[in-house]
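Following the numbering used here, the numbering of the sequence shown begins with 1 at its first residue and continues without gaps.
Glycine residues also receive a C-beta, built at the ideal position from the N, C-alpha and C atoms.
To keep things clear, I will list the structure first and then write my remarks on it.
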Amino acid sequence: MSLESPSVFCQQQALDCLQSTFGYTQFRSHQIEVIEDVMQGADCFVLMPTGGGKSLCYQIPALLREGTAIVVSPLISLMQDQVSALKANGVQAAYYNSTLGLEEANQVLMQLHTGQLDLLYVAPERLLNQDFVQQLQSLPISLFAIDEAHCISQWGHDFRPEYSRIGQLRNLFAQVPFIALTATADAATREDIVQRLSLQSPKVHVIGFDRPNIRYTVLEKRQPFKQLVDFLDQRNAAEESGVVYCLSRKRVEEVALQLQQKGYRAQAYHAGLPAEIRHKVHQQFMRDEVSIVVATVAFGMGIDKPNVRFVVHYDLPKNIEGYYQETGRAGRDGLASEALLLYGAQDVVTARHFIEQVANEDQKRIESFKLASMVEFAEAQTCRRSVLLNYFGDPMHHACGNCDVCLNPPVLFDGKVVAQKALSCVYRLQQGFGMSYVIEVLRGADNERIRQSGHQQLSTYGIGKEFSVAEWQSIFRQLIHRGYLMQDIRNYSVLKLTASSGDVLKGKVELQLAKPRVKSIKSARLGRTTAREGLTESQQEVFENLRALRKEIADSEDKPAYQVFGDATLLEMAVALPKNDHELLQISGVGETKLSRYGFEFLNLLRQA
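Dropping the structure here:
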């Protein structure tokens, strides 16, 4: 008789499925905990960085639980890519959306009703169709997975009204687990998602936001196209995949044309192009026929391509959530990648102008706060990764060593006393005012608001006259980035102390702060990071031969190259040089299905190396 607990048995089932179907020998951080909760029928909220393996959190339970998993996805291209990738691993999957003709749609429904599907990807508007819901109620459904769940929330950066109605289904499928997944959601957005979906006592898994393989760089925007070309030339980007984001369709087309004239395999992508052209560009990019896509955010969530090596923001994004999600398209395979932001003051002016056109005052306030946070990131004097992570409530108190600020650091000074002054003033003001007013009190401003409030009587009034307004703004931003202060977005961005503030006030923290730079960051030539670092010359040659074989197979099967094997898998092959089926199965990303399909040809090549 087995003495294994249900938990151990569940984990072993999941691990066996992972290895035989997807070719991986171990789960990433926290995946198994999520899978176990879903297997036991619990609702889950999962926040996991792009490239962290969110999809497996519902795909594995879908293969192990009885019935068909319904996956809600916001973009048609994303559905198609994920279904294609699942089929490449031998999984029975399909999608049901507006691209299907009547005969194709009926074929999918027939597969659904006869139990032939493990997963069905559905657009939200199809899922909410009353007839379709009634059909689902008569069928065994293993789980509902709501991908890109931030689209549900008004606090999210990509709110979609049709997504907000998905919560209506919760009561209709009371015994079916719901799992909501996203890579980008601050605390307010997370609470809103759980509430709007009516999740029942959900297990909340916040895995963290860090993408250590991405290097973050910000340059002052001066000659943007020249800066872009310099960046691409330094990377030898003609041999890589990358995305350049612009805010306007006009700029997208201008930059794409200029890159083509420079000899780059670049194409434009935006919502104003005909659907067939957008589809063609998407397919060309996925199959490495196009190296660079210049796009608006219409090309955001639709990219499920693991070997994007760089993302450039030609213009300032409107918020950190969008920036994080768009830069997160780089390096999904875990290999070294880079994110470049060109930042200019005019971008901020333009963004503020658009915010002023928003009629709803609450929405205007939310967007203003989010833009201010984006500006703070661009102007940061401290490690950019720590600024980014702290925004999402995932503070990192040490420098990352892989951003432009860490690699080209500013001048530091002992900030213990000035931090105590700042935090004391916030405390004396009863944590009820925003940054601008706190700075006025610290600098001893003499104005009617201060006099009426009697704040000139505070012990902290005028104790910070030695610093200018700009210097105090920099100090406060650094304290916020480090997690010693927070801005309450739902209460007019007033400053509040955090759990870490007490140690600073008691003098227990040795705090180094950065002196504000007089000018914005200059174009710095930082050592570029590439995915192939550390390979010997002979390993490089094997890797290139493997890539050539992969492309040949992918072209013959009319599919993206990464669906044969990803770059990370090829790199591991080039180093390990497996010589038989058993050794090839030990390579991460090689499962039983792919071994039977491609093993012979790849082993043939590797034996010659």
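Spatial neighbours of Val542 in its chain, beta-carbon cut-off 7 Å, leaving aside the 5 residues before and after
Your numbering for residue 542 matches position 542 in the sequence shown. These residues qualify, in order along the chain: Ala574, Ala609.
Quick one, are the C-beta atoms of Val564 and Ala42 less than 9 Å apart?
One-based indexing of the sequence shown puts residue 564 at position 564. One-based indexing of the sequence shown puts residue 42 at position 42. No, these two residues do not count as a Cβ contact at 9 Å.
Pull up the CB-CB distance for Gly483 and Pro409, whole angstroms please, since I reckon it's below 8 Å.
Taking the first residue of the sequence shown as position 1, residue 483 is located at position 483. Taking the first residue of the sequence shown as position 1, residue 409 is located at position 409. No, Gly483 and Pro409 are not in contact; Cβ-Cβ is about 20 Å, not under 8 Å.
Closest residue to Val426 among Gly67, Val438, Gly415, Ala419 (Cα-Cα distance)
Locating residue 426 in the sequence shown gives position 426, where the first residue counts as 1. Minimum Cα distance to Val426 is reached at Val438.
Residue from Val375, Arg352, Phe377 whose Cα sits closest to the Cα of Arg365
Within the sequence shown, the letter at position 365 stands for residue 365. Of the listed residues, the one whose Cα sits closest to Arg365 is Arg352.
What first and last residue would you give for the beta strand (DSSP E) that runs through Asp414?
As a first step, residue 414 is located in the sequence shown; it is residue number 414 there, counting from the start. Looking at the DSSP string, the run of the beta strand (DSSP E) that includes Asp414 is 412 to 414.
Looking at the secondary structure, which residues open and close the beta strand (DSSP E) in which Arg443 lies?
Sequence index remark: in the sequence shown, residue 443 carries index 443 (1-based). Element bounds for Arg443: n/a, residue is neither H nor E.
Alpha carbon to alpha carbon, how far is Ala372 from Gln473?
Your numbering for residue 372 matches position 372 in the sequence shown. Your numbering for residue 473 matches position 473 in the sequence shown. The alpha-carbon atoms of Ala372 and Gln473 are separated by roughly 12 Å.
Tell me whether the beta-carbon of Pro49 lies closer than 9 Å to the beta-carbon of Arg211.
In the sequence shown, the residue the question calls residue 49 occupies position 49. In the sequence shown, the residue the question calls residue 211 occupies position 211. Cβ distance < 9 Å, so Pro49 and Arg211 count as in contact.
Which residue marks the beginning of the alpha helix (DSSP H) containing Lys226, and which one marks its end?
In the sequence shown, counting from the first residue as 1, residue 226 sits at position 226. 224 to 235 is the span of the alpha helix (DSSP H), which, as asked, contains Lys226.
Compute the Euclidean distance between the alpha carbons of Ser386 and Ser138, then round it to the nearest angstrom.
As a position in the sequence shown, residue 386 is number 386, starting the count at 1. As a position in the sequence shown, residue 138 is number 138, starting the count at 1. Roughly 49 Å separates the two Cα atoms.
Going by DSSP, what residues sit across from Thr217 in a beta bridge?
Taking the sequence shown and counting its residues from 1, one reaches residue 217 at position 217. Note: Thr217 sits in a beta bridge opposite Leu340.
For Gly432, collect the residues of the same chain with a Cβ closer than 7 Å to its Cβ; drop the 5 residues on either side in sequence, then sort them by chain order.
In the sequence shown, counting from the first residue as 1, residue 432 sits at position 432. Only Val494 meet the Cβ criterion.
Can you give, in chain order, each stretch of the alpha helix (DSSP H) that sits fully within the segment 488 to 512 and has at least 4 residues?
Qualifying alpha helix (DSSP H) stretches, in chain order: 501 to 505.
Between which two residues does the beta strand (DSSP E) holding Val46 run?
As a first step, residue 46 must be located in the sequence shown, where it is residue number 46. Note, Val46: beta strand (DSSP E), 44 to 47.
7 Å CB neighbourhood of Glu147 in its chain, flanking five on each side removed:
For the purposes of this step, residue 147 is taken as the residue at position 147 of the sequence shown. It should be noted that the sequence gives Asp, not Glu, for residue 147. If we look at Asp147 and ignore the five residues flanking it on each side, its Cβ neighbours are Val71, Val72, Ser73, Leu181.
Member of Asp555, Tyr562, Asn545, Pro560 whose CA lies at the smallest distance from the CA of Leu603:
Residue 603 sits at position 603 when you count from the first residue of the sequence shown. The option with the nearest alpha carbon to Leu603 is Asn545.
Check each candidate in Gly566, Asp233, Leu423 and name the one with the smallest Cα separation from Asp333.
Within the sequence shown, residue 333 is the residue found at index 333, counting from 1. If we check each option's Cα against that of Asp333, Gly566 comes out closest.
Which class does Gln363 belong to by DSSP, given the choice of helix, strand or coil?
Position 363 of the sequence shown, counting from 1, holds the residue named residue 363. Reduced to three states, the DSSP call for Gln363 is helix.
Does DSSP put Ser142 in a helix, in a strand, or in coil?
The count along the sequence shown starts at 1 and reaches residue 142 at position 142. Strand at Ser142.
Taking the CB atoms as reference points, tell me whether Leu577 and Leu606 lie closer together than 9 Å.
Reading the sequence shown from its first residue, position 577 is the one you call residue 577. Reading the sequence shown from its first residue, position 606 is the one you call residue 606. Cβ distance < 9 Å, so Leu577 and Leu606 count as in contact.
Rounded to a whole number of angstroms, what is the C-alpha to C-alpha distance between Lys506 and Ala422?
Residue mapping note: residue 506 aligns to position 506 of the sequence shown, counting from 1. Residue mapping note: residue 422 aligns to position 422 of the sequence shown, counting from 1. Whole-angstrom Cα-Cα distance: 13 Å.
What residue range is occupied by the uninterrupted alpha helix (DSSP H) comprising Val564?
Taking the first residue of the sequence shown as 1, we reach residue 564 at position 564. From DSSP, Val564 is part of no alpha helix (DSSP H); its letter is neither H nor E.
Tell me where the beta strand (DSSP E) around Ser241 begins and ends.
Against the sequence shown, residue 241 aligns to sequence position 241. Where Ser241 is concerned, the enclosing beta strand (DSSP E) stretches over 241 to 245.
Leu340 versus Pro274, Phe231, Val348, residue with shortest Cα-Cα distance:
Position 340 of the sequence shown, counting from 1, holds the residue named residue 340. Comparing Cα-Cα distances from Leu340 to each of Pro274, Phe231, Val348, the minimum goes to Phe231.
For Tyr314 and Gln82, the rounded distance between their alpha carbons
Taking the first residue of the sequence shown as 1, we reach residue 82 at position 82. Taking the first residue of the sequence shown as 1, we reach residue 314 at position 314. Looking at the two C-alpha atoms, the distance is approximately 29 Å.
Run through DSSP, which three-state label would Tyr642 get?
Beyond the ends of the chain as shown, which are 1 and 609, falls residue 642; an answer cannot be given.
Boundaries (first-last residue) of the beta strand (DSSP E) holding Leu119
For the purposes of this step, residue 119 is taken as the residue at position 119 of the sequence shown. Element bounds for Leu119: 119 to 122.
Any 3 or more C-beta pairs closer than 8 Å across the segment 320 to 335 and the segment 268 to 276:
no
For my contact list, Arg215 and Glu338 are in at a C-beta cut-off of 8 Å; report their separation, rounded to the angstrom.
Here residue 215 refers to the residue found at position 215 of the sequence shown. Here residue 338 refers to the residue found at position 338 of the sequence shown. With a beta-carbon spacing of about 5 Å, Arg215 and Glu338 fall inside the 8 Å limit used to define contacts.
Beta-carbon proximity check, Val617 vs Ile179, cutoff 9 Å:
Within the shown structure, residues of the chain are numbered from 1 to 609, placing residue 617 beyond reach of any answer.
CA-CA distance, Glu557 and Arg550?
The residue you call residue 557 lines up with position 557 of the sequence shown. The residue you call residue 550 lines up with position 550 of the sequence shown. Using only the alpha carbons, I get a separation of about 11 Å.
Give me the residue from Leu199, Glu125, His150 with the minimum Cα distance to Leu143.
Translated into positions along the sequence shown, residue 143 becomes position 143. Comparing Cα positions, the closest option is Leu199.
Do three or more CB pairs link the segment 274 to 289 to the segment 248 to 259 at distances below 8 Å?
no
Let me know if Lys318 comes out buried or exposed under the rule of 16 or more other beta-carbons within 10 Å of its beta-carbon.
The residue you call residue 318 lines up with position 318 of the sequence shown. Its Cβ being crowded by 16 or more others within 10 Å, Lys318 is buried.
Applying the 10 Å Cβ sphere with the 16-neighbour rule, what's the burial state of Phe354?
Here the question's residue 354 lines up with position 354 in the sequence shown. Looking at its Cβ environment, which holds fewer than 16 other Cβ atoms inside 10 Å, Phe354 is exposed.
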